[in-house]
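Each remark here refers to the structure printed beneath this line.
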Amino acid sequence: MTVFIYIAVMAGVTYLIRMLPFAFFQKKIKSVFVKSFLYYVPYAVLSAMTIPAIFYSTGNMITAVVGTVAAFVLAYFDLPLIVVALAASASVFVTGLFI
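19 is the number of the first residue of the sequence shown in my numbering; add one for each residue after it.
What follows is the structure in structure tokens.
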């Protein structure tokens, strides 16, 4: 029964998050500052959620840093996401074997 309550609350929150901007902002946003601010909000939120998860997921800061550096280097060279993810995971695994 509690699962249904959780699902209902999540559905309500998701609906409100999507509905409230339509209710409050009925005119097109013309301010360049507000537009640029809203443009970068998803990137900031994603970074704020991802970076702590990266550094606390392995339980060892050294392996996390090695995996992050590997991912940044491979992403810099425009490799596919699957290659970056697998190589970063492999570098964390190999580093964990030696530490």
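By construction, the Cβ of each residue, glycine as well, lies at the ideal position given by its N, Cα and C atoms.
| Item | Value |
| --- | --- |
| Exposed or buried, what is A108 when buried is set at 16 or more other beta-carbons lying within 10 Å of its beta-carbon? | exposed |
| Taking A103 as the reference, give the member of F90, I47 and R36 with the closest Cα. | F90 |
| In or out: A190 buried (at least 16 other Cβ within 10 Å) or exposed? | Given that the chain is displayed from residue 19 to residue 117, the structure contains no residue 190 and the question cannot be resolved. |
| Using a threshold of 8 Å, state whether the C-beta atoms of V110 and G85 are closer than that. | yes |
| Please report the distance separating the alpha-carbon of A62 from that of A29. | 24 Å |
| Less than 8 Å between the beta carbons of F73 and A66, yes or no? | no |
| I'd like to know whether the C-beta atoms of I4 and T113 end up nearer to each other than 8 Å. | Outside the shown range of the chain (19 to 117) lies residue 4, about which nothing can therefore be said. |
| Helix, strand or coil for T32? Go by DSSP, reduced to three states. | helix |
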